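Residue numbers (my numbering): 372 to 734.
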Ligand SMILES: Cc1cc2nc3c(=O)[nH]c(=O)nc-3n(C[C@H](O)[C@H](O)[C@H](O)COP(=O)(O)OP(=O)(O)OC[C@H]3O[C@@H](n4cnc5c(N)ncnc54)[C@H](O)[C@@H]3O)c2cc1C
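(1) Taking the runs of the alpha helix (DSSP H) that are 4 residues or longer, which of them lie wholly in the stretch 483 to 564?
(2) Quick one: which unbroken beta strand (DSSP E) runs of 3-plus residues sit fully inside the stretch 679 to 717? Chain order, please.
(3) With a cut-off of 8 Å on the beta carbons, I'd call residue 707 and residue 566 a contact; round off their distance for me.
(4) Under DSSP, the alpha helix (DSSP H) around residue 652 begins and ends at which residues?
(5) Would the C-beta of residue 637 count as close to ligand 1, meaning under 7 Å from any of its heavy atoms?
(6) With a CB to CB cut of under 8 Å and the five nearest residues on each side skipped, what residues in its chain are close to residue 518?
(7) Where do the ends of the alpha helix (DSSP H) carrying residue 434 lie?
(8) What three-state label does DSSP hand residue 721 in the structure shown?
(9) Output the distance between the C-alpha atoms of residue 383 and residue 488, rounded to the nearest integer angstrom.
(10) Measure the CB-CB distance between residue 694 and residue 573 and report whether it falls below 8 Å.
(11) In terms of residue numbering, what span does the alpha helix (DSSP H) encompassing residue 463 cover?
(12) Determine the direct distance from the alpha carbon of residue 557 to that of residue 409, and round the result to whole angstroms.
(13) Is it a yes or a no for the stretch 495 to 503 touching the stretch 433 to 443, going by three-plus beta-carbon pairs under 8 Å?
(14) Note down, in chain order, each residue of its chain lying with its Cβ closer than 6 Å to the Cβ of residue 613, except the 5 sequence neighbours on either side.
(15) How far does the beta strand (DSSP E) with residue 614 in it extend, from its first residue to its last?
(16) Is it true that the CB of residue 378 sits closer than 8 Å to the CB of residue 401?
(17) Using a threshold of 7 Å, is the CB atom of residue 726 nearer than that to any non-hydrogen atom of ligand 2?
(18) What is the rounded straight-line gap between the Cα of residue 549 and the Cα of residue 658?
(19) Output yes or no for whether 8 Å exceeds the beta carbon distance between residue 624 and residue 511.
(20) Tell me where the alpha helix (DSSP H) around residue 375 begins and ends.
(21) In whole angstroms, what is the alpha-carbon distance linking residue 652 and residue 616?
(22) Which residue marks the beginning of the beta strand (DSSP E) containing residue 400, and which one marks its end?
(23) Taking 8 Å as the threshold (C-beta atoms), are residue 397 and residue 737 in contact?
(24) Output needed for residue 481: all residues of its chain with C-beta closer than 7 Å, excluding positions within five of it in sequence on either side, in chain order.
(25) Any idea if residue 734 is buried or exposed, counting beta-carbon neighbours within 10 angstroms, 16 or more meaning buried?
(26) Taking C-beta to C-beta, are residue 582 and residue 687 nearer than 8 Å?
(27) Does residue 412 come out as helix, strand or coil in the three-state DSSP assignment?
(28) Would residue 592 and residue 669 be called neighbours here (beta carbons separated by less than 8 Å)?
(29) Say the cut is 7 Å; is the CB of residue 401 nearer than that to a heavy atom of ligand 1?
(30) Tell me, which residues are paired with residue 610 by DSSP?
(31) Can you tell me the Cα-Cα spacing of residue 665 and residue 731, whole angstroms?
(32) Is residue 591 near ligand 1 - that is, is its Cβ less than 7 Å away from at least one heavy atom of it?
(33) Helix, strand or coil for residue 659 per DSSP?
(34) Excluding sequence positions up to five away, which residues of its chain have a Cβ less than 7 Å from the Cβ of residue 543?
(35) Under 8 Å by Cβ, that's how I've got residue 683 and residue 727 pegged, so tell me the actual separation to the nearest angstrom.
(36) What is the rounded straight-line gap between the Cα of residue 604 and the Cα of residue 432?
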C-alpha cells in the first residue's frame, strides 16, 4: 500500500509517522518547508478544557502521545505542563465556563471553577477586576511547536517516510471515483490513498480533487515581548477578550488574539492587532504596560464549516480528509494522525465518526 500525505504540518507528519510505523510506504508532500504552515506559527497552548467529549478524548490521547513520542523518538519537545487558566468577563462566558467544566469533569478532566481572587494565587499580578469567573486545569500546558514538528519529522525518517519539501501537489488524479495519485513538481506519484492534511489550504486541495467541502479560514496574529524575570505561569486565556498570554522559559511574554475568519490566506501582520492586543493584555496584566514588543507574526488555519474537525473518507475512494482542526491542532493533532492511520489501515474507525466529512452531505 502506498500513501501520499499532502501537508507537512502536525497532522500530515503524525499521520505519516503512525502509518510508517505499521510498515506502510508513505510520502509527504510539503509545498514549502516544515514549519511554513500553522504548525510552525502557533502559541503552543495544549488544553483539555474543551467543550466536546470526542475532542477531549482526542486531546487526552495526544497528551499521552507527547510523552511517548518524545522518548520513543528521542527528542525534547520542550513541553511544560504547568496548567492553564481561562477567565471570563461576561455572563455568557461565565455560563459557558461553568457548562464546560461540568462536561469536562463528567469525562474525567481535572478542571475546576476558581474565583478571580484565586487566579492571583497563581499569578499575583493578575487584575482580578478583569474577570468575573475563571477555570483552571492542572493538566494543560504550553509547548514549543517547532521541536514537535522536528520530532515527528525525525520519527518519520527513521521509519522510512519520504518527506519531499518544496513539492506542491497541484493535481490530484482519480478514475471512476477512485484515487490514482498526485502530481508534484511535474511528476506523477501513484498512491492508493491520498490524505488532505493541508490545513488552511485544504479547501484548495479539495477543489483540485473534485470535493466540494469548504472549511472556514482563520487568521491569527501573535507577538513576543522582551524578556522579564519568571512571573507568568500558568498560561492564561481570557475568553471574553479572546486574548491569551504565557511566559517562555527565556522570560519573554508570548501572546495573541484568538483568530478570526478571513477571506484570504494572508499571513501579514497588522498594527491594528498590536494596538488591540496591547490594550487588552494590559487590562488583564497591568504589569505588562511599557514592555517592549520584539516581534509579531501571523498564521492561518482552518475549521470545519460547523467548527469541528473534518476527518475521514470522502466520496472519492482513497481520498481522505484530515483537516479543520481549528485552534486545537497542537492539542489533538497527534491523536488525529494516529486515528487517520487506523482508518486507512482498517478501512473504518468509529473513534472519529463524529468528524466524518460525509456529515456535510446529509440534510
Ligand atoms: C498564531 C496561531 C496561534 C495558534 N495557537 C494555537 C494553540 O495555542 N494551540 C493549538 O492547539 N493550536 C493553535 N493554533 C492552531 C494550530 O497551529 C493548527 O491547528 C495546526 O497547526 C494545524 O495543523 P495542520 O497540520 O492541519 O496544518 P498546517 O500546520 O498549516 O500544515 C499544512 C501544511 O500543508 C502544506 N500544503 C498546503 N497545500 C499544499 C499542497 N498543495 N501541496 C503540498 N503541501 C501543501 C502547507 O505548506 C502547510 O505546511 C494556532 C495557530 C496560529 C496561526
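Beta carbons are placed, not taken as given, at the ideal position from N, Cα and C, and that holds for glycine.
In this text the structure is predicted, and so the values were computed from the model without any measurement.
Working from what's here:
(1) 487 to 493 and 516 to 529
(2) 681 to 684 and 690 to 694
(3) Counting from one through the chain shown, the residue named residue 707 turns up at place 336. Counting from one through the chain shown, the residue named residue 566 turns up at place 195. No, residue 707 and residue 566 are not in contact; Cβ-Cβ is about 11 Å, not under 8 Å.
(4) Stepping through the chain shown from its first residue, residue 652 is reached at position 281. Segment 642 to 655, the alpha helix (DSSP H) holding residue 652.
(5) Residue mapping note: residue 637 aligns to position 266 of the chain shown, counting from 1. Checking the Cβ of residue 637 against ligand 1 gives no.
(6) Reading the chain shown from its first residue, position 147 is the one you call residue 518. Closer than 8 Å at the Cβ level, and outside the excluded window around residue 518, lie 446, 447, 448 and 449.
(7) The count along the chain shown starts at 1 and reaches residue 434 at position 63. Residue 434 -> alpha helix (DSSP H) spans 424 to 444.
(8) By 1-based counting over the chain shown, the position of residue 721 is 350. Helix at residue 721.
(9) By one-based count along the chain shown, residue 383 stands at place 12. By one-based count along the chain shown, residue 488 stands at place 117. Going from the Cα of residue 383 to the Cα of residue 488 covers about 42 Å.
(10) Translated into the one-based positions of the chain shown, residue 694 becomes position 323. Translated into the one-based positions of the chain shown, residue 573 becomes position 202. Yes, the Cβ-Cβ distance between residue 694 and residue 573 is below 8 Å.
(11) Taking the chain shown and counting its residues from 1, one reaches residue 463 at position 92. Here the alpha helix (DSSP H) through residue 463 covers 462 to 477.
(12) For this step, residue 409 is matched to residue 38 along the chain shown. For this step, residue 557 is matched to residue 186 along the chain shown. Spanning the two alpha carbons is a distance of roughly 26 Å.
(13) no
(14) Along the chain shown, one-based indexing puts residue 613 at 242. So the list reads 628 and 629, once near-sequence residues are dropped.
(15) In the chain shown, residue 614 corresponds to position 243, counting from 1. Element bounds for residue 614: 614 to 618.
(16) Walking along the chain shown from the start, residue 401 turns up at place 30. Walking along the chain shown from the start, residue 378 turns up at place 7. Cβ atoms of residue 401 and residue 378: closer than 8 Å.
(17) As far as ligands go, the structure on display features ligand 1 and does not contain ligand 2.
(18) For the purposes of this step, residue 549 is taken as the residue at position 178 of the chain shown. For the purposes of this step, residue 658 is taken as the residue at position 287 of the chain shown. Going from the Cα of residue 549 to the Cα of residue 658 covers about 59 Å.
(19) Position 253 of the chain shown, counted from the first residue, corresponds to residue 624. Position 140 of the chain shown, counted from the first residue, corresponds to residue 511. No; because the gap between Cβ atoms is not below 8 Å, this pair is not in contact.
(20) Residue 375 sits at position 4 when you count from the first residue of the chain shown. Looking at the DSSP string, residue 375 is not in any alpha helix (DSSP H); the run it does join, the beta strand (DSSP E), is 373 to 377.
(21) Taking the chain shown and counting its residues from 1, the one referred to as residue 652 is at position 281. Taking the chain shown and counting its residues from 1, the one referred to as residue 616 is at position 245. Each residue's Cα considered, the two are about 8 Å apart.
(22) Walking along the chain shown from the start, residue 400 turns up at place 29. Residues 396 to 400.
(23) As shown, the chain starts at 372 and ends at 734. That puts residue 737 outside it, with no answer to give.
(24) Locating residue 481 in the chain shown gives position 110, where the first residue counts as 1. So the list reads 508, 509 and 510, once near-sequence residues are dropped.
(25) Within the chain shown, numbered from 1, the residue matching residue 734 stands at position 363. For residue 734, the predicted model reports a pLDDT of 47, less than 50, meaning its position is unreliable and no value from the coordinates is stated.
(26) Against the chain shown, residue 582 aligns to sequence position 211. Against the chain shown, residue 687 aligns to sequence position 316. Going by C-beta atoms, residue 582 is nearer than 8 Å to residue 687.
(27) For the purposes of this step, residue 412 is identified with residue 41 of the chain shown, where counting begins at 1. Residue state, collapsed to three classes: coil.
(28) Your numbering for residue 592 matches position 221 in the chain shown. Your numbering for residue 669 matches position 298 in the chain shown. Closer than 8 Å, so yes.
(29) Numbered from 1 along the chain shown, position 30 holds the residue referred to as residue 401. The answer is yes for residue 401.
(30) By 1-based counting over the chain shown, the position of residue 610 is 239. In DSSP, residue 610 forms no bridge with anything.
(31) Along the chain shown, one-based indexing puts residue 665 at 294. Along the chain shown, one-based indexing puts residue 731 at 360. Answer to the nearest angstrom: the Cα atoms are 43 Å apart.
(32) If you number the chain shown from 1, residue 591 lands on position 220. True, at least one ligand heavy atom lies under 7 Å from that Cβ.
(33) Along the chain shown, one-based indexing puts residue 659 at 288. Helix, per DSSP.
(34) The residue labelled residue 543 in the question sits at position 172 within the chain shown. Excluding residues within five positions, the ones whose Cβ falls inside 7 Å are 553, 565, 579 and 580.
(35) For the purposes of this step, residue 683 is identified with residue 312 of the chain shown, where counting begins at 1. For the purposes of this step, residue 727 is identified with residue 356 of the chain shown, where counting begins at 1. At roughly 5 Å, the Cβ-Cβ gap stays under 8 Å, so residue 683 and residue 727 are in contact.
(36) Taking the chain shown and counting its residues from 1, one reaches residue 604 at position 233. Taking the chain shown and counting its residues from 1, one reaches residue 432 at position 61. Taking the straight line from one Cα to the other gives about 24 Å.
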